[in-house]
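Colleague:
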Amino acid sequence: MSEQFDFSVVDKIVAAHEKNQQAIISILQEIQEHYHYLPREVFPYLAKELGMSEARIFSVATFYENFSLEPKGKYVIKICDGTACHVRRSVPILERLRSELGLSESKKTTDDLNFTVETVSCLGACGLAPVLTVNDVVHSAMTPDKASELLKTLKEEIANA
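Laid out in structure tokens, this is it:
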């Protein structure tokens, strides 16, 4: 990263938690909420600000599945691949979205950081299968064509923003 990282957002979050080490999970959640991932630069900075080891902070960030060390898109699309969704053909939905966005199993986020496509084991909406979420909003009874339409709508939102 050639430009200097701006720690002002991190400073506000840490200050709101009174530099309390016990608040590390909340601090990391708020940082991720702002950046859509945990930038590498925050680990040594938080270690200094909170008086704890960088390894400890990193271990917390990597222990919990909800934390991401990779940048995520403005729209995070999670496709359920639990049993009910898989049986009701969630894989063709995943394949369609990846194809339309130029993504793959190893490349989950578009270069413009507009979209991230991930699979999850279960979204807990088996009766609505197959389902996907966009930024935690559930879309039920999906098909590849419905997924394409949803993607078109999201792209229009980006273009009109």
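Reminder that position 54 of the sequence shown reads as 44 in our numbering, one-by-one numbering, no gaps.
Cβ coordinates follow ideal geometry from the N, Cα and C atoms, glycine included.
For clarity, every value in this text was computed on a predicted model and none was experimentally measured.
Y27 CB to nearest chain B CB: under 8 Å?
Modeller: Considering every chain present, this structure includes no chain B. It has just one protein chain.
Colleague: Express the C-alpha separation of V127 and T106 in angstroms, rounding to a whole number.
Modeller: Cα-Cα distance, rounded: 14 Å.
Colleague: One question on the structure: do E108 and K97 come within less than 8 Å of each other, judged by their Cβ atoms?
Modeller: No, these two residues do not count as a Cβ contact at 8 Å.
Colleague: Among L91, V110, A5, which residue has its Cα nearest to the Cα of A101?
Modeller: What sits at residue 101 in the sequence shown is Asp, not Ala. The residue with the shortest Cα to Cα distance from D101 is L91.
Colleague: Does the segment 43 to 62 come within contact of the segment 78 to 92, defined as at least 3 CB pairs closer than 8 Å?
Modeller: No contact exists between the segment 43 to 62 and the segment 78 to 92.
Colleague: Please list, in chain order, all residues of the same chain as H76 whose beta carbon is under 6 Å from its beta carbon, the five residues on each side excluded.
Modeller: Answer for H76: no residue qualifies.
Colleague: Count the other CB atoms within 10 Å of the CB of V(-1); is the residue buried (16 or more) or exposed (fewer)?
Modeller: Counting Cβ neighbours within 10 Å, V(-1) comes out exposed, since fewer than 16 surround it.
Colleague: CB-CB under 7 Å to M(-9), same chain, minus the five flanking residues each way: which ones, in chain order?
Modeller: Below a pLDDT of 50, predicted positions are generally treated as unreliable, and M(-9), at 41, falls in that range; the measurement from the model is reported next regardless. So no residue of the chain qualifies.
Colleague: Tell me, please, which residues DSSP counts as bridged to L122.
Modeller: Answer is I69, H129.
Colleague: Are the CB atoms of L28 and I17 nearer to each other than 8 Å?
Modeller: No; because the gap between Cβ atoms is not below 8 Å, this pair is not in contact.
Colleague: Checking the sheet assignment: what are the DSSP bridge partners for V77?
Modeller: DSSP output for V77 lists no bridge partner at all.
Colleague: So for T100, helix, strand or coil by DSSP?
Modeller: T100: coil per DSSP, three-state reduction.
Colleague: Please list, in chain order, all residues of the same chain as P82 whose beta carbon is under 7 Å from its beta carbon, the five residues on each side excluded.
Modeller: Taken in chain order, the residues that qualify are P134.
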